[in-house]
Every structure is written in structure tokens, then in C-alpha cells.
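Enquirer: One structure coming up, written as C-alpha cells, with questions to follow.
Protein chains: 4
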Amino acid sequence: MSIRVTIWNEYRHERSSAAVAAIYPQGIHETLAQALRAQPDFVVRTATLDEPEHGLSAEVLQDTDVLIWWGHKAHDEVQDDVVERVVQRVWAGMGFIALHSAHFSKPFKRLMGTDCALRWREASDKERFWVVNPAHPIAQGLPDFFELEREEMYGEFFGVPQPDALVFISWFSGGEVFRSGCCWYRGMGKVFYFRPGHETYPTYHHPLVQQVIANAVRWAAPTPVANFTRDVRRPSAPLEPLPQH
Amino acid sequence: MSIRVTIWNEYRHERSSAAVAAIYPQGIHETLAQALRAQPDFVVRTATLDEPEHGLSAEVLQDTDVLIWWGHKAHDEVQDDVVERVVQRVWAGMGFIALHSAHFSKPFKRLMGTDCALRWREASDKERFWVVNPAHPIAQGLPDFFELEREEMYGEFFGVPQPDALVFISWFSGGEVFRSGCCWYRGMGKVFYFRPGHETYPTYHHPLVQQVIANAVRWAAPTPVANFTRDVRRPSAPLEPLPQH
Amino acid sequence: MSIRVTIWNEYRHERSSAAVAAIYPQGIHETLAQALRAQPDFVVRTATLDEPEHGLSAEVLQDTDVLIWWGHKAHDEVQDDVVERVVQRVWAGMGFIALHSAHFSKPFKRLMGTDCALRWREASDKERFWVVNPAHPIAQGLPDFFELEREEMYGEFFGVPQPDALVFISWFSGGEVFRSGCCWYRGMGKVFYFRPGHETYPTYHHPLVQQVIANAVRWAAPTPVANFTRDVRRPSAPLEPLPQH
Amino acid sequence: MSIRVTIWNEYRHERSSAAVAAIYPQGIHETLAQALRAQPDFVVRTATLDEPEHGLSAEVLQDTDVLIWWGHKAHDEVQDDVVERVVQRVWAGMGFIALHSAHFSKPFKRLMGTDCALRWREASDKERFWVVNPAHPIAQGLPDFFELEREEMYGEFFGVPQPDALVFISWFSGGEVFRSGCCWYRGMGKVFYFRPGHETYPTYHHPLVQQVIANAVRWAAPTPVANFTRDVRRPSAPLEPLPQH
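In C-alpha cells, the structure reads:
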């Protein structure tokens, strides 16, 4: 059965900066879409901020199993009703993968319940990803560690809830560490945060970064449950006779 | 060193229902305050919905180590700016204890990032609390289990994040179970949800219920950290020389 | 790709008790094997205590992706070298599913690091399984809850480590609760404990019990990692130049 | 109420190596004991490998609230009956703090249920400890990070169960990371692993290292529970009338 993936991108840097456009000519979303389309069981579409309803109509979300999110400088322009729609879909089972600066996106912050703040530096750090849970499906096919020659640094303390599973920890040449692959359950849905992907580096062209994202899509795909009742507005009848008083 | 506790209560049922007033003549908050004032290291004050700023001015919150919250039918009347203030204080270290129907309070839902919905029945169930983490400080002084002769039922699925520590599971005579004592870290603060306390039952007069709440206050009190920097608006300087490219 | 499942059964009760033999004429392992063979992607074999090396030679374990374990009255007869072999295989990636009284089996206790003790009663309790993590793959296809008309009771406190994911909580008519579906990571392997299955009840004929076990097999199947080095006997060379002193 | 601390040390390196003796003339245990005796609520004693019963008689353990363990080259000389005694005491509530190379000590491995292996290098790395859970009591009084100028490197993958709380992550100048402050519940007891402390460096003289260990002692001290029954050899009577069949 196919997994329906929607890749959402702010898509502003690529249109305003020649340097970014040189790395992602059709946008980060298209680079990721191309990579994920190579997976035979994925059906991939994209959506961007400047489309009507940011490309995330109720119909699109209803047809989405896993939503990937990249945003950076226009978090505030994302309309609250669309955010609410995304969050509700996650609670109902949709997977959500937040990439890099999406740590400050509205849906991610709503789903975490924390400030999601972190230490950062846009310089020329080397980043090394260490696998700290090799049994986890998101580590599938990876070596002990892999590295990116240059990336923006994100450092602890990262203001997120303790992850339900921690898959990667990043080492940075400038002296910091970061919990860079974090999993959480949220209602019937799953959330994964994956750190790398500053727009000025070719991170999303890296085959292991692509593999992590593909692994995360499979992990985050909805778990279908049967007859699972979430209509909690009405009182429940007792299943057993109650004690008499 | 004293722990400064603020007990917040919606305080509406007690003033509109004779049955509730018979159980809590001065309000749920005063019953809890009396119990907690018996702890020599606690300094206790109260605040209620109908006070200015709901009794939760910036000054009061600044002077609060642990905030206990009971609300039920007027969640929507709690002003959003006060909610935001509470949430920010939790992220900065204040403990937050949500009691019973506060599972649907605005600050709790904001801190969880989930729908916080549950199954419920106001009937005459017996509730039995089983300790499932006897090493946890919130279990201090408790037996294997204790029970309340009558309580409202709350049943699974409870739409909260997986707790960082689960201390109690409730058994209900009508056939349900519930994760009724849940701990989470949120930033520099700690959150505890404790299930019992429907306003029509004398739950908060029960000595073990009072003991759990006192234990939770001690657990949730802030952890003072020194020189802990959360000014994340400015980039960080590298601690080590960066690689040359 | 197929998942190679080995079902291990003590296989003593079925041969010494007519009542148990009436329920499981070929043994619990054969009832489970039949159910799992209905999954097109599973390749299933069985092994029992009284076979040479308990049916768990190094070759069999090497060819096993997920090992299911049922034992009860002969835990002590399982040879320590076979236990060690099983544990090492789990650390190297093999899934391990402990059923019911296997909470006291040697491999499970070794993998947990705790006493694994619990409260129990062989009576005629009704057991009701509540799903408390509907996003987890082991909950796939299940309703809010399902029940077994009669089962042995297992109650808290269950002396196991806090599960990395808790999928089910059981309600018992006699008044107890139990964390009855627990997941843990152990090295590169995964462990699931599933509570039901006393030999005098037809539990393993129940379609939802079978479904949970099939779900657990898929979840516990090894995550293949590439070039993952666990040769930790020799010191590692630094990846970066070390500071000079 | 006082916390009774026993510091156990292998105490071999200090007697066979002049370099180590220069750093810890009375042994690592005495350096730690001196530091912890500065805490007014701690009562501190020491025990070493070459004492009868390794200094850990049943009486000593019965009088110990928290046991700190340092061992390295003589893990195998620790007698199995003493190991069993320690493990049983942890399950009954005693705290256990494993330091540095105690990751491979018999009691720690028994309590974890994993191989506890790791990557390592004895060189001249700088180690930097980042606080990743500032709400946790073990982080009390610490800054965002602190560092040791020279230490042995321990790197991931560290073969331990996912911690119930992760307090520190270490950065090493040679390019590795490590989960260097890990908490687990084990039965009624608590376990903390703290990474630093190679015998050839003056690590345990560092005031923040001492503070972490003091914080960990307070966190790991037993939680007294009342009438908590762990006699699980006999069947339990039902608390409620069972269903008739």
C-alpha cells in the first residue's frame, strides 16, 4: 500500500537568493520530492506557502499520510486555521516530519508544547550524526555515523519535550552537541524532528540525509486502528455493573 | 528553603451548587490549601477565576514555585494572556500540577500539544490507584494501591503525550483503566497530571490524595540552574576553532 | 522480504494435563505457528524445551529474525549457555517476544535487569485490554479495547523497567490493572512483552490476540544497519585533530 | 534525614601506578568521600575490592541508601554473590551510581540487561558536558555546559537501554558524542550512570563533577513507600467479586 507524502516548503529563500537557488533551483521541496519519488511505495506531492491555503486544503491533508515541513523566515505568515488543520490531522494519525528551522514553525511548536528554542550559529561547522538507537527503524541502513562537511550549528539546550525515542545526536566542530533525530507520539500520529538542512548548504542532496527522511516517512505513516472511538463528548456507559451504595 | 505554592481554582461549582458547597464550603482551593499548609516547608496562597487577572498577575507567578490548577466548566473564560504567562513560567522552571478536569484547561493543553481528550462517566464508580513506579518520589509513603469509594470515571485513550514517568494507573469498577498520575518535563519546568477530584465527591479530603499532591509539589519544584542561558536570539560564537575550507 | 519467526514453547503442560491438551492438542507453539503462517511474509518454525539444545542451536538462532517465547514451570531447565546465546542474538538485532509466564523466563529476566515479579491469581477473571498508544504499530487494526472472558490475573507492581513504549493496559474484574503490552529497545534488538496466555484458557485462539502477536513480530523484526561497528575491544582513532597541551 | 552513602572503589590503579597515586593518593574513593562529606545531610563510608566481601557485607548494604561504584581492571574479581546482593538491594530501593569504567562492572551490566559496550580512546581529548534536561534534579546548580580539559573518550553507540531521563551529552574534541548522564528506574531503586573519571586525570577533584555526584546521590536516595507488598509467591485474593460463568 502506498504512503502518500506531502512536502511543504516555505519556498522564499530559493526565489530571493541566487546562492540558494543555485543549490535548489526548483526549491527544497522539489529536491526532496525527487529523492522520495525514487521509493516505489511513496506517492509524493508538494505544497508551498504562497499557494492558496498554503497548498494545504482540507482535501490535501485528508489525502496525506505524512507531511514534511520546511520553513524559516516566514513562519508568521502561515495562517492559524491551516496550522490548526495540520495539528488536528496529526492527532488523527498523520505523520509530521519537521526539518531544520521548522523547529520554530507554528505546527511543530503547537505539537510540542514547549518553546523549541535552541542555540545556533551560521558558520562553517562540520556536523557528524551519531546513531544512538540502531534498533530504531529510522536508523535503517545507516553506518555508525555520517557527516556533513558544512552546516549551520544548532546546539543544546533544545527546548523540546524529552523524545519518546532519540535516534541521532549531532557533534559540531565548534564544540556543541544536539539531539538531531527525535521521535514523539502525538495522539494517533507520530512526529519526527530532523535537524539538518540550512538553505545555503546542499544538505538535502546528500544520500544519507535522503535515506533518513525516507526511513522517517515509513516510521511516521499512520497506524490504522479499527473502530477506535474518539467521540468523547458524550458520557460512556459502564461496561460492568457498578457497585451499589 | 520554602516552596511557594499557588492553588488556582475556577471556584464556580462551589458557589452555584449546594451539593458541592456542602463538600467544599470555602472552595476546593481552600481544602487543598489547608492540607498543604500542614507541610512545614510549603508557603501556600490561592487564586481564583473571578479575581482580577484571575489572581495570576505577573508578580504572583514570579513568586510561585508550583502552580496547582483546578478548572472545569469555565475553561474558556481564562484569558489567553494569562494562559501565555503561565506557560512561559513553566518553561522557565515553575512546576504545574493539573488536577482532574484541568486536563481540558488551556494551560495544560498548551503544555501537552495534544487534544487531551478522554472517555468519561459521572456515575458511582469505585476508583483504585495502583502504584506502577514505586521508585518515583511522587509515590512516597503510599501503599501498593489505595482507593476512592466513588469518583467520576476517566478512561483511556487519554490523548496526552507518553509520560516521561507514569506513577499511577487507575482501575474503575465500570471496566476502564486510566493513566492517572503522569509526569512530563517541559523546558526547565515540570508538569504532573493527577486524575481524581470531581467536585461532587469529597476526594480532596482524602489523606492519600493530599499526600500525592504534596509529593507532587516537592517533585515539581524548580531545579535551580546557574548561568543557564536561554537567550537564543543571537548567534553563538564557536567554542573551538572551526575547520578551514 | 520474509520475516523468519521461531516460536519456542516449554511444551510440558500440554503433555501432562488433559485439560491443557484439549485446548492446545499440538501445543501452544503449533496454535501460534498456524496463526502466524497465515501471514504471507512470515516464515515460521518452532522449537521446544526437550529438543537438543532446546531446539535453539546457533544455526537456528542465526536464521531467526524474531523469537517468541512461552515457558512456565520449567524455566530452570533452560540451559544457561542457550540463554546467553539468545540474549546475545537480541543485542545483535533479533526481536524477542515474551508471552505471559515468560516474564519469569531466564532470557527475559536477563534482558530486563529487574526481578520481573508481579501479583497473580489463577481464578476466573475477565481481562480487558485497553489501547493506550494507538499510534504504535503493535496497535494496528485494533479497536479501543478488546477482552478475554477468562484469564489468569497478573497485577501491578510489575517489576520491569519503564517501557520505552506502553501499548496496552489490562483491566481485571477482580480489581487489578497491568501494563500488558510493553516495548523495550535492547542494543540493536527489540523486546515485546505481551501478558495473556495462561495454558488453561483458549487465549491463543483469539483472533485479536493473534493479531497483536503478528503486529509485534513486524515491529520487532531487525532493523538492518550498514557498517555498524560494535568491535569495541580496540581503541578508536580520533576523527579530528586533538587539542595540544 | 541523612542519606547514607557507600563509595566502592576497586582501588588497584592507585596502588600500582605512581601516576595515578599522585592524583588520588588515598584512592578515588577517598577523594570522593571528602567531597561528599562536605554535604551536611550525607553520611559517607567507603569499601574496596580487597576487603573481606569487598567491604559489602549484607549489613553494610542494608545500611546504605546510595552505593557509588568505580571499577576498571578487576571487574571479574568481584564475587557473584556480592553482585547479586547489590542488585537485590537496588531492586529493593537502594540507589546505584556507576562511574566511568563501571559501565562494564558486573552490577551495572546485570541492572541494564545489555552489553554496555562503547567506543573508547585514551588520549588527550577535551570533554564538554551539555545539560539536555535542565529541569532534572541532577542538573541542579549547573551552567549550560562545563568542561574537562583532558579525559578519556567514550563514544556512541553506548549499549545501554534508552535512559528514562537523559541529563548530559558529552562532546569530545576527537569528534564523538556520548550520553554521559543517564537515569533509570529499576524496581524500587534508581540507577545513574555518569561518564567521566579515568584514573589518570584529576576529574574527581573538579567541583562541578563533585556537584553532579552529590546531586545524583540526592536523586537516587530511596523513596520510602508504606506497606508496599512484593511477596509475590502466593496468589492474590480478588478485591472485587469475580464474574460468574
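Same order as they appear, the protein sequences are chains A, B, C and D.
The first sequence begins at 1 in this note's numbering and counts up one residue at a time.
The second sequence begins at 1001 in this note's numbering and counts up one residue at a time.
The third sequence begins at 2001 in this note's numbering and counts up one residue at a time.
The fourth sequence begins at 3001 in this note's numbering and counts up one residue at a time.
Every residue, glycine too, gets a C-beta built ideally from N, C-alpha and C.
Does PRO1238 (chain B) have its Cβ less than 9 Å from a Cβ in chain D?
Expert: With 9 Å as the cut-off, PRO1238 (chain B) does not count as an interface residue toward chain D.
Enquirer: If we ignore side chains and look at the alpha-carbon of each, how far apart do VAL86 (chain A) and MET1 (chain A) end up?
Expert: Each residue's Cα considered, the two are about 23 Å apart.
Enquirer: Comparing the C-beta of GLY1071 (chain B) with each C-beta of chain A, is any distance below 9 Å?
Expert: No - not a single Cβ of chain A is within 9 Å of the one on GLY1071 (chain B).
Enquirer: Based on the DSSP secondary-structure assignment, which residues constitute the bridge partners of ALA3098 (chain D)?
Expert: According to DSSP, ALA3098 (chain D) bridges with D:TRP3069, D:TYR3193.
Enquirer: With contact counted as at least three CB pairs below 8 Å, one residue from each stretch, are the segment 2108-2125 of chain C and the segment 3003-3012 of chain D in contact?
Expert: Because the criterion of three Cβ pairs below 8 Å is not met, the segment 2108-2125 of chain C and the segment 3003-3012 of chain D do not touch.
Enquirer: Taking the straight line between their C-alpha atoms, what separation do you get for VAL3212 (chain D) and LYS3190 (chain D)?
Expert: For VAL3212 (chain D) and LYS3190 (chain D), the distance between alpha carbons rounds to 15 Å.
Enquirer: Using only the alpha-carbon positions, how far apart do TRP3184 (chain D) and ILE3097 (chain D) sit?
Expert: Taking the straight line joining both Cα atoms gives about 10 Å.
Enquirer: In the DSSP output, what is THR64 (chain A) paired with across the bridge?
Expert: None, per the DSSP bridge assignment.
Enquirer: With 8 Å as the limit, tell me which residues of the segment 1181-1195 of chain B have their beta carbon closer than that to any beta carbon of chain D; keep them in chain order.
Expert: Under the 8 Å Cβ criterion, the segment 1181-1195 of chain B contributes TYR1185, ARG1186, GLY1187, MET1188, GLY1189, LYS1190.
Enquirer: Does the ligand FMN have even one heavy atom less than 8 Å from the beta-carbon of GLU1151 (chain B)?
Expert: The ligand FMN is absent from the structure shown, which contains no ligand whatsoever.
Enquirer: So that I know if they touch, is there some Cβ in chain A lying closer than 9 Å to that of THR2048 (chain C)?
Expert: Closer than 9 Å: no.
Enquirer: I want to verify the contact list: residues of chain A whose CB lies under 9 Å from the CB of ARG3128 (chain D), in sequence order.
Expert: Those within 9 Å of ARG3128 (chain D) in chain A are GLY175, GLU176, VAL177.
Enquirer: Can a CB atom of chain B be found closer than 9 Å to the CB of SER2124 (chain C)?
Expert: Closer than 9 Å: no.
Enquirer: Grab the span of the alpha helix (DSSP H) containing VAL1090 (chain B) for me, first residue to last.
Expert: Taken as a continuous stretch (DSSP letters only), the alpha helix (DSSP H) holding VAL1090 (chain B) covers 1080-1091.
Enquirer: Straight-line CA distance for ALA220 (chain A) to ALA2135 (chain C)?
Expert: When rounded, the distance between both Cα atoms is 9 Å.
Enquirer: Residues of chain B with a CB under 8 Å from the CB of VAL232 (chain A): which are they?
Expert: Within chain B, the residues near VAL232 (chain A) are ALA1117, LEU1118, ARG1119, TRP1120.
Enquirer: Going by CA-CA distance only, name the one from A:PHE157, A:GLU59, A:ASP125, A:THR114 that's closest to SER173 (chain A).
Expert: Of the listed residues, the one whose Cα sits closest to SER173 (chain A) is A:ASP125.
Enquirer: Report yes if the C-beta distance between THR1031 (chain B) and HIS1205 (chain B) is below 9 Å; otherwise report no.
Expert: Their beta carbons are under 9 Å apart, which means THR1031 (chain B) touches HIS1205 (chain B) by this criterion.
Enquirer: For THR3046 (chain D), I'd like the list of residues in its chain whose CB is within less than 6 Å of its CB, leaving aside the five on either flank, ordered along the chain.
Expert: So the list reads ILE3007, HIS3029, ALA3033, once near-sequence residues are dropped.
Enquirer: Just the C-alpha distance for GLY113 (chain A) and LYS106 (chain A), rounded to the nearest angstrom, thanks.
Expert: Those two C-alpha atoms are separated by around 11 Å.
Enquirer: Grab me the residues of VAL1020 (chain B)'s own chain with a C-beta within less than 7 Å of its C-beta, minus the 5 sequence neighbours each way, in chain order.
Expert: Closer than 7 Å at the Cβ level, and outside the excluded window around VAL1020 (chain B), lie HIS1013, GLU1014, GLU1199, THR1200.
Enquirer: Taking Cβ-Cβ distances below 8 Å as the criterion, which residues of the segment 2152-2165 of chain C are in contact with chain A?
Expert: Listed by position along the chain: ASP2164, ALA2165.
Enquirer: Figure out for me which residue from C:GLU2152, C:PHE2146, C:CYS2182 has the closest Cα to the Cα of GLY2159 (chain C).
Expert: With distances taken between Cα atoms, GLY2159 (chain C) lies closest to C:CYS2182.
Enquirer: The alpha helix (DSSP H) spanning SER2105 (chain C) covers which residue range?
Expert: It is not in any alpha helix (DSSP H) - SER2105 (chain C) carries neither H nor E in the DSSP assignment.
Enquirer: Is the Cβ of HIS1029 (chain B) closer than 9 Å to any Cβ of chain D?
Expert: No, no contact with chain D.
Enquirer: Expressed to the nearest angstrom, what Euclidean distance is found between the alpha-carbon atoms of PRO3137 (chain D) and ASP1065 (chain B)?
Expert: The alpha-carbon atoms of PRO3137 (chain D) and ASP1065 (chain B) are separated by roughly 15 Å.
Enquirer: Does chain D have any CB closer than 9 Å to the CB of LEU1142 (chain B)?
Expert: Yes, LEU1142 (chain B) lies at the interface with chain D (some Cβ there is under 9 Å from its Cβ).
Enquirer: Which bits of chain B does TRP2171 (chain C) rub up against, with CB to CB less than 7 Å?
Expert: Within 7 Å Cβ-Cβ: TRP1171, GLY1175, GLU1176, VAL1177.
Enquirer: Taking 9 Å as the threshold (beta carbon to beta carbon), is HIS2136 (chain C) in contact with chain A?
Expert: It does; some Cβ of chain A falls within 9 Å.
Enquirer: If you draw a straight line from the alpha carbon of GLY3027 (chain D) to that of PHE2178 (chain C), how long is it in whole angstroms?
Expert: Cα to Cα, GLY3027 (chain D) sits roughly 47 Å from PHE2178 (chain C).
Enquirer: What does ALA3038 (chain D) touch in chain B if you count any residue whose Cβ is under 8 Å from its own?
Expert: What ALA3038 (chain D) touches in chain B: nothing, since even the nearest Cβ is about 18 Å away.
Enquirer: By the criterion of Cβ-Cβ separation under 8 Å, what are the contact partners of ASN3133 (chain D) in chain A?
Expert: Ordered by position in chain A, the residues that pass the 8 Å Cβ test against ASN3133 (chain D) are GLN162.
Enquirer: Can you say whether SER2016 (chain C) is buried or exposed, counting buried as having 16 or more other CB atoms within 10 angstroms of its CB?
Expert: Label assigned to SER2016 (chain C): exposed.
Enquirer: Suppose the cutoff is 6 Å on Cβ atoms and the five residues either side in sequence are ignored; what does the same chain contact list for LEU208 (chain A) look like?
Expert: Excluding sequence neighbours, LEU208 (chain A) sits near PHE146.
Enquirer: Counting contacts by CB-CB distance shorter than 9 Å, is LEU3294 (chain D) in contact with chain C?
Expert: Residue 3294 (chain D) is absent from the model: chain D starts at 3001 and stops at 3245.
Enquirer: Name, please, each residue of chain C whose Cβ falls closer than 9 Å to the Cβ of ARG3089 (chain D).
Expert: In chain order: nothing, as chain C lies at least about 12 Å away.
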